[in-house]
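One structure is given here, and the rest of the page talks about it.
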Amino acid sequence: MNWGYGITIVYGVFVVAMLGAVIASTQHDPGLVSKDYYNLDLNYQAHFDKKQNAADMAVPLAVRYEAGSGDIVIVFPSDMSVARGSIQFRRTSTTKDDYLYTLPAIPAGQELRIPAAGMAEGRWLMDVDWTSTGKDYFFATSVAVFPT
33 MNWGYGITIV
43 YGVFVVAMLG
53 AVIASTQHDP
63 GLVSKDYYNL
73 DLNYQAHFDK
83 KQNAADMAVP
93 LAVRYEAGSG
103 DIVIVFPSDM
113 SVARGSIQFR
123 RTSTTKDDYL
133 YTLPAIPAGQ
143 ELRIPAAGMA
153 EGRWLMDVDW
163 TSTGKDYFFA
173 TSVAVFPT
């Protein structure tokens with residue numbers, strides 16, 4: 033074997049490895065990038081104001097997972113009723129499990145129970161977005177779901 037064949041083999045292996053890396057990278061879904069990032073950027077100030085409203089609450093939103101009942105329990109402040117809103121459940125490991133839960137109207141002092149029976153085990157990020165008495169709020173937290 034001479035130098036010409038050796039160089040050709042090295043470059044050939046390099047080209048095949050690069051093609052494999054390109055094909056593998058195009059088939060990988062990163063799952064951590066929001067699909068509507070441009071819209072989120074345009075509405076950043078409104079989102080920031082919602083977060084500030086939630087931070088200014090005297091009693092913060094309480095979120096917990098109850099293993100016995102298999103429910104995620106959200107306790108809004110006792111003086112706050114929820115007119116409308118939504119909860120975005122996200123997984124850090126994959127976007128395939130993400131889903132949106134629409135909040136029903138919740139009277140003041142009542143807790144919300146969301147069944148976690150169909151949720152995969154592990155850590156879930158929650159983005160709670162709601163309106164109460166004409167004021168918008170946003171609260172982000174995480175909850176660990178471990179069904180029994």
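If you're matching positions, the sequence shown starts at 33 in our numbering and goes up one per residue. C-beta: ideal position from N, C-alpha, C; glycine also.
Original post:
Would you call Phe-46 buried or exposed, if buried means 16 or more other Cβ atoms sit within 10 Å of its Cβ?
Top reply: exposed
**OP:** Going by CA-CA distance only, name the one from Met-112, Ala-53 and Ala-56 that's closest to Tyr-169.
**Re:** Met-112
**OP:** Could you pull out every residue in the same chain whose Cβ sits closer than 6 Å to the Cβ of Ala-94, ignoring the five residues on either side in sequence?
**Re:** Cβ contact annotation for Ala-94 (same chain, cutoff 6 Å, sequence separation greater than five): Val-107, in chain order.
Original post:
Excluding the five sequence neighbours on either side, which residues of its own chain have a C-beta within less than 6 Å of the C-beta of Ala-172, listed in chain order?
Top reply: Asp-159
Original post:
Just reading off the beta strand (DSSP E) that Gly-117 is part of, what are its end residues?
Top reply: 116-123
**OP:** Could you check what DSSP says for Met-151 in three-state terms: helix, strand or coil?
**Re:** coil
Original post:
Roughly how many whole angstroms lie between the Cα atoms of Ile-55 and Ala-86?
Top reply: If you take the alpha carbons of Ile-55 and Ala-86, they lie about 44 Å apart.
**OP:** Please state if the CB of Val-175 and the CB of Ile-104 are separated by a distance shorter than 7 Å.
**Re:** yes
Original post:
Where does Gly-44 land, buried or exposed, given buried means 16+ other C-beta within 10 angstroms?
Top reply: exposed
Original post:
Taking just the CA atoms, how far does Val-42 sit from Trp-35?
Top reply: 11 Å
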